[in-house]
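Engineer: Take 1 as the starting number for the sequence shown in UniProt numbering and just add one per residue.
The beta-carbon is built from N, C-alpha and C at its ideal position, and this holds for glycine as well.
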Amino acid sequence: MKTVPWAMVSRSCLVMTTHLVLYKVPYERCGIHLVNIFQAVSYCLGRSSLTMELIFGTSVQNSAQQNVSDPESPSRVIGSDKMGSEFESVESTLKAHITGREYEEVRRILYGRAHPELPLPDQALQIAAKNNFEMQGYIITAKEEQLRVPRKVRVACIQNSIALPTTAPIEDQRKGIHAKVSTMIEAAAAAGTNILCLQETFMMPFAFCTRERLPWTEFAESVENGPTTKLMSELAAKYNMVIVSPILERDEEKDDVIWNAAIVISNTGKVIGKSRKNHIPRVGDFNESNYYMESTLGHPVFQTAFGKIAINICYGRHHPQNWMMFALNGAEIIFNPSATTGDLSEPLWGIEARNAAIANHCYTVAINRVGTEIFPHEFTSGNGLPAHKDFGHFFGSSYIAAPDGSRTPALSRTKDGVLVTELDLNLCRQTKDSWCFRMTQRLDMYAKLLEKAARPDYKPDIRKET
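Here you go:
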């Protein structure tokens, strides 16, 4: 079978596309492997499946899914009925079809400088294998300095599917997730993790699409003494690990108001504080404003034993000012625990947290839940779509981005996983010195302009020909 030369991929997607179009290479002759590669590279660049249809004259997404929809595939995970129909990951597709120098060049263009793999201990890998979750490890280095010693910290993030169907009793669902995540935290601890963050409202299904209050609001719990905080505090002290625990909070002291929050628990097991979601989506099935509103806590940064951290919850990643304020308050690592689906935001996923790391000279950790969650009753969201019972596929793909713009490969789109990365926090200052974004950002100028823009009588400064 005649195929297009692989070198076209490493030079650029544009060149490859031009080659296919000019020489009228039929889609069928290219084969599904070329389609997978092009889809993978296009995903990283934010290209849509519509573009693939325009180029190839057929649905690339459907063809690719038909090729990997084996119900016995190991990519299927409990509680994720649609996960078997999703391709595993961009990285695995690239690695499967590009090798050697070509792969290294494609990877460099897409992800920046290469980061060596972190050797993971057998104990951690055995736990992962026994419990059917993925585990990856990487090392992000900084240059050696004469006056400062390396500030190395191991950071982990966890992406997980739910443990039981959404029709199970609330307490059983929560306990099932607690048990699953506790095992994953054990594996992260075996790999030497210092700071660990879980996904947005990890202790429950992401049921806010339904707009139903009961039974979902029963998952809300106290930050200080709720069952999730008690468990995470025990694990934090046991493993000498800072744990960021995103939950659905019920403020029992202030009229039982519900919040989307993240609790920061120190390595001694004590609660340092909490952060709440600053920006609430009103798009698609993200009907969250039916349950909670925007935070009034601002942009707190938490001094831990291993570095200064902040939590930018989910939708806040779409707002550059949100990242900026956490960084201005001194955050060296900003976690972004999320719950988002492929149809809405997957082309943006690999861009936003990475761009924030570049713009703010800090590390960012993008964490997304994984799987497809089916709810008992159909719901609509006023967007013209037929009534349905699921939010769509949560595509995982959690990764860590460095201040210099490089990033780790992502976890799977289809499996539970733990990503452990050793960071050198000295890279934050080194990147500031190199790019000077802080020195050139002109806060005083923008402060004046934003003050004007926030007024009801603001008129945009548009100049016209006279």
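If we require 4 or more residues per run, which alpha helix (DSSP H) segments fall completely within the segment 227-253?
Structural biologist: Segments of the alpha helix (DSSP H) lying fully in the segment 227-253: 227-239.
Engineer: Roughly how many angstroms lie between the CA atoms of Ser233 and Val264, to the nearest whole one?
Structural biologist: As a first step, residue 233 is located in the sequence shown; it is residue number 233 there, counting from the start. As a first step, residue 264 is located in the sequence shown; it is residue number 264 there, counting from the start. Rounded to whole angstroms, Ser233 to Val264 spans 10 Å at the Cα level.
Engineer: On the three-state DSSP scale, how would you describe Thr466?
Structural biologist: The residue given as residue 466 occupies position 466 in the sequence shown. Three-state result, Thr466: coil.
Engineer: Give the single residue among Leu164, Met203, Leu449 and Gly284 whose Cα lies nearest to the Cα of Ile158.
Structural biologist: The residue labelled residue 158 in the question sits at position 158 within the sequence shown. The shortest C-alpha separation from Ile158 is found at Met203.
Engineer: Pull up the CB-CB distance for Glu200 and Arg413, whole angstroms please, since I reckon it's below 8 Å.
Structural biologist: In the sequence shown, the residue the question calls residue 200 occupies position 200. In the sequence shown, the residue the question calls residue 413 occupies position 413. At roughly 17 Å, the Cβ-Cβ gap does not stay under 8 Å, so Glu200 and Arg413 are not in contact.
Engineer: Starting from Ala262, follow the beta strand (DSSP E) in both directions and report where the run begins and ends.
Structural biologist: Residue 262 sits at position 262 when you count from the first residue of the sequence shown. Unbroken beta strand (DSSP E) run through Ala262: Val257 to Ile265.
Engineer: Would the beta-carbon of Gln123 fall within 8 Å of that of Ala190?
Structural biologist: By 1-based counting over the sequence shown, the position of residue 123 is 123. By 1-based counting over the sequence shown, the position of residue 190 is 190. Contact: yes.
Engineer: Beta-carbon separation of Arg148 and Gly192 under 8 Å?
Structural biologist: In the sequence shown, counting from the first residue as 1, residue 148 sits at position 148. In the sequence shown, counting from the first residue as 1, residue 192 sits at position 192. No, these two residues do not count as a Cβ contact at 8 Å.
Engineer: Between which two residues does the beta strand (DSSP E) containing His393 stretch?
Structural biologist: On the sequence shown, position 393 is the one that residue 393 refers to. From DSSP, the beta strand (DSSP E) with His393 extends over His388 to Phe395.
Engineer: Of the choices Ala357, Met439 and Pro205, whose alpha-carbon is the least far from that of Ile215?
Structural biologist: Here residue 215 refers to the residue found at position 215 when the sequence shown is read from its first residue. One point to set straight first is that residue 215 is Pro, not Ile, in the sequence displayed. Nearest option by C-alpha distance: Pro205.
Engineer: Please classify Ile462 as buried or exposed, where buried requires at least 16 other C-beta atoms within 10 Å of its C-beta.
Structural biologist: One-based indexing of the sequence shown puts residue 462 at position 462. Exposed: under 16 other Cβ atoms inside 10 Å.
Engineer: Express the C-alpha separation of Phe375 and Ala156 in angstroms, rounding to a whole number.
Structural biologist: Against the sequence shown, residue 156 aligns to sequence position 156. Against the sequence shown, residue 375 aligns to sequence position 375. Taking the straight line from one Cα to the other gives about 30 Å.
Engineer: Give every residue of the same chain whose Cβ lies closer than 7 Å to the Cβ of Arg276, excluding the five residues on either side of it in the sequence, and list them in chain order.
Structural biologist: Numbered from its first residue, the sequence shown carries residue 276 at position 276. The answer, listed in chain order, is Trp259, Asn260, Ala261, Ser295 and Leu297.
Engineer: Do Pro337 and Cys314 have their C-beta atoms closer together than 8 Å?
Structural biologist: Numbered from its first residue, the sequence shown carries residue 337 at position 337. Numbered from its first residue, the sequence shown carries residue 314 at position 314. Yes; because the gap between Cβ atoms is below 8 Å, this pair is in contact.
Engineer: What are the uninterrupted segments assigned as beta strand (DSSP E) that are 3 or more residues long and contained completely in the segment 271-312, given in chain order?
Structural biologist: Entirely contained in the segment 271-312, the beta strand (DSSP E) runs reaching 3 residues are, in chain order, 271-276, 302-304 and 307-311.
Engineer: How about Ala366 and Trp323: do their beta carbons lie closer than 8 Å?
Structural biologist: One-based indexing of the sequence shown puts residue 366 at position 366. One-based indexing of the sequence shown puts residue 323 at position 323. No. Outside cutoff.
Engineer: Using a Cβ-Cβ cutoff of less than 6 Å, which residues in the same chain neighbour Gly330 once the five nearest sequence positions on both sides are dropped?
Structural biologist: Position 330 of the sequence shown, counted from the first residue, corresponds to residue 330. Cβ neighbours of Gly330 beyond the five flanking positions: Val301 and Lys308.
Engineer: Give the range of the beta strand (DSSP E) segment to which Leu196 is assigned.
Structural biologist: For the purposes of this step, residue 196 is taken as residue 196 along the sequence shown, with counting starting at 1. Where Leu196 is concerned, the enclosing beta strand (DSSP E) stretches over Ile195 to Cys197.
Engineer: Do you know offhand how far Pro150's Cα is from Gly316's?
Structural biologist: Walking along the sequence shown from the start, residue 150 turns up at place 150. Walking along the sequence shown from the start, residue 316 turns up at place 316. Rounded to the nearest angstrom, the two C-alpha atoms are 31 Å apart.
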